[in-house]
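Chains as they are written, first to last, in the working numbering: chain A, 611 to 724; chain B, 473 to 583.
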Amino acid sequence: EADIYQTPRYLVIGTGKKITLECSQTMGHDKMYWYQQDPGMELHLIHYSYGVNSTEKGDLSSESTVSRIRTEHFPLTLESARPSHTSQYLCASSELEGANSPLHFGNGTRLTVT
Amino acid sequence: GENVEQHPSTLSVQEGDSAVIKCTYSDSASNYFPWYKQELGKGPQLIIDIRSNVGEKKDQRIAVTLNKTAKHFSLHITETQPEDSAVYFCAARGGSYIPTFGRGTSLIVHP
Numbered sequence: 611e612a613d614i615y616q617t618p619r620y621l622v623i624g625t626g627k628k629i630t631l632e633c634s635q636t637m638g639h640d641k642m643y644w645y646q647q648d649p650g651m652e653l654h655l656i657h658y659s660y661g662v663n664s665t666e667k668g669d670l671s672s673e674s675t676v677s678r679i680r681t682e683h684f685p686l687t688l689e690s691a692r693p694s695h696t697s698q699y700l701c702a703s704s705e706l707e708g709a710n711s712p713l714h715f716g717n718g719t720r721l722t723v724t
Numbered sequence: 473g474e475n476v477e478q479h480p481s482t483l484s485v486q487e488g489d490s491a492v493i494k495c496t497y498s499d500s501a502s503n504y505f506p507w508y509k510q511e512l513g514k515g516p517q518l519i520i521d522i523r524s525n526v527g528e529k530k531d532q533r534i535a536v537t538l539n540k541t542a543k544h545f546s547l548h549i550t551e552t553q554p555e556d557s558a559v560y561f562c563a564a565r566g567g568s569y570i571p572t573f574g575r576g577t578s579l580i581v582h583p
């Protein structure tokens with residue numbers, strides 16, 4: 611069982627609010643990821659990190675930002691939420707290298723912006 | 473970059489039947505192919521994976537096959553059960569260590 615936690619599970623907020631989605635893992639994994647999952651199921655990579663002080667943008671353009679000050683923590687922030695940000699956000703982690711290094715996912719945060 | 477195509481997007485079977493989901497990839501450098509199962513309200517979880525030096529791998533009712541020449545790999549589920557109903561994702565990973573996911577297959581197993 612993977613030990614990666616996301617909070618909150620559900621969040622409903624008004625337009626213009628600043629929010630932070632939390633993600634923590636206890637496996638000591640160097641790599642961490644944020645995915646946005648649309649209702650059509652597809653996973654879109656929005657941010658990833660190779661380790662402390664490393665952050666990269668993913669394939670899908672996003673107005674969110676991330677930080678990686680500690681290995682175990684990879685929060686995602688939206689400075690001013692909009693209805694278009696309504697989605698499911700999934701955090702994941704994996705070992706930096708290794709022949710078989712699958713992603714371990716959290717259970718997600720479902721964000722609704724009204 | 474890598475491109476992964478997954479088919480079908482929806483698969484409906486009767487309990488006890490077999491289910492097959494197929495994926496193709498474009499980058500010949502890809503060498504690791506995991507499959508994930510996502511149940512309602514949860515994140516995707518790894519169910520089986522295969523590396524490029526192996527042609528087939530089996531774990532109880534699930535199996536994965538890989539054809540490197542044709543750049544395609546498939547997930548096979550035998551004797552399907554209602555609890556197999558979920559969304560399944562294939563992925564391919566190469567030198568960048570960033571996996572590319574297929575678009576997902578919604579499997580429905582009717583009792």
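Glycine included, C-beta positions come from ideal geometry on N, C-alpha and C.
Residue i, buried or exposed, once every other Cβ within 10 Å from all chains shown has been counted against 16
i              : result
T552 (chain B) : buried
S711 (chain A) : buried
V536 (chain B) : buried
A542 (chain B) : exposed
S490 (chain B) : exposed
T625 (chain A) : exposed
D531 (chain B) : exposed
L721 (chain A) : buried
A501 (chain B) : exposed
P618 (chain A) : exposed
T577 (chain B) : buried
V662 (chain A) : exposed
K641 (chain A) : buried
G515 (chain B) : buried
Closest residue to residue i among the options (Cα-Cα distance)
i              : options                           : result
E528 (chain B) : B:K509, B:T496, B:Q510 and B:H548 : B:H548
G513 (chain B) : A:T719, A:T724 and A:V723         : A:T719
R523 (chain B) : B:Q478, B:Y504, B:K509 and B:Q517 : B:Y504
E477 (chain B) : B:D521, B:H544 and B:R533         : B:H544
K667 (chain A) : A:Q646, A:I614 and A:G638         : A:Q646
T496 (chain B) : B:T572, B:S568, B:S578 and B:G488 : B:T572
D521 (chain B) : B:F561, B:G488 and B:P554         : B:F561
V492 (chain B) : B:N539, B:V526 and B:T550         : B:T550
S674 (chain A) : A:S690, A:G638 and A:I614         : A:S690
L688 (chain A) : A:I679, A:M637 and A:I656         : A:I656
Extent of the continuous beta strand (DSSP E) to which residue i belongs
i              : result
D531 (chain B) : E528 to D531
Q510 (chain B) : Y504 to Q510
D521 (chain B) : Q517 to R523
Q553 (chain B) : Element bounds for Q553 (chain B): n/a, residue is neither H nor E.
F585 (chain B) : An answer regarding residue 585 (chain B) cannot be provided, because it is not within the stretch 473 to 583 covered by chain B.
I623 (chain A) : Y620 to I623
R720 (chain A) : T719 to V723
A491 (chain B) : A491 to Y497
Y569 (chain B) : Premise fails: Y569 (chain B) is in no beta strand (DSSP E) and is neither H nor E.
S484 (chain B) : T482 to Q486
Q577 (chain B) : Before going on, a small fix: residue 577 (chain B) reads as Thr here, not Gln. Here the beta strand (DSSP E) through T577 (chain B) covers T577 to H582.
H683 (chain A) : Neither: H683 (chain A) is in no beta strand (DSSP E) and is coded neither H nor E.
H479 (chain B) : V476 to H479
Close beta carbons around residue i, own chain, < 8 Å, minus the five adjacent residues each side
i              : result
I580 (chain B) : T482, L483, S484, V485 and S557
L713 (chain A) : Y643, A702, S703 and S704
Q510 (chain B) : P516, Q517, A558, V559, Y560, F561 and G576
For residue i: DSSP bridge partner residues
i              : result
N539 (chain B) : B:H544
M642 (chain A) : A:S659 and A:S703
F715 (chain A) : A:A702
I614 (chain A) : A:Q635
H695 (chain A) : H695 (chain A) pairs with nothing; no bridge assigned.
K667 (chain A) : A:H657
I549 (chain B) : B:A491 and B:I534
Own chain partners of residue i with C-beta closer than 6 Å, once the 5 adjacent residues on each side are dropped
i              : result
N475 (chain B) : S498
P693 (chain A) : V723
H683 (chain A) : S634
E632 (chain A) : T617 and P685
G567 (chain B) : A501
Cβ-based neighbour list, residue i, same chain, cut-off 7 Å, excluding 5 preceding and 5 following
i              : result
L518 (chain B) : P506 and Y508
H479 (chain B) : K494
Residue i at chain D interface by Cβ criterion, 7 Å
i              : result
G638 (chain A) : Although the question refers to chain D, the structure presented lacks it and instead comprises the protein chains A and B.
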